[in-house]
Amino acid sequence: MTEENINKGMQQAKGGIFAQADIEMLRKALEYYIKNHKPLDSSEESKASLLFHRLGRMGLK
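Be aware that the sequence shown starts at 0, since it is given in numbering that gives the first Met the number 0, and climbs by one per residue.
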């Protein structure tokens with residue numbers, strides 16, 4: 000296997016990259032941002048809300 004193939008494989012690696020504690024901290028930080036960063040335009044608020052819920056699904060045990 001060449002170095003190029005090894006690097007390409009590393010770039011395509013998929014799977015969980017966050018620890019459970021990371022996900023919980025990201026959710027807390029995002030929740031704080033959503034509640035305290037004003038004004039959020041509707042697009043930004045929607046994106047932040049969707050991310051918050053996706054993080055919640057990632058955190059299911």
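C-beta: ideal position from N, C-alpha, C; glycine also.
Quick one: give me the first and last residue of the alpha helix (DSSP H) that residue i is part of.
i	result
LEU49	41-57
ILE16	Careful: ILE16 lies outside any alpha helix (DSSP H) and carries neither H nor E.
I'd like the list of long-range same chain contacts for residue i, defined as Cβ closer than 7 Å, with 5 residues on each side in sequence excluded.
i	result
ARG53	none
LYS46	none
GLU43	none
Ignore the nearest five residues each way along the sequence and tell me which others in residue i's own chain have a CB closer than 8 Å to its CB.
i	result
TYR86	No statement about residue 86 is possible, as the shown extent of the chain runs from 0 to 60 and does not include it.
GLY58	GLN19, ILE22, GLU23, ARG26
LEU39	ILE33, ALA47
My understanding is that residue i touches residue j, with C-beta atoms under 8 Å, so please give their C-beta distance in whole angstroms.
i	j	result
LEU29	LEU50	6 Å
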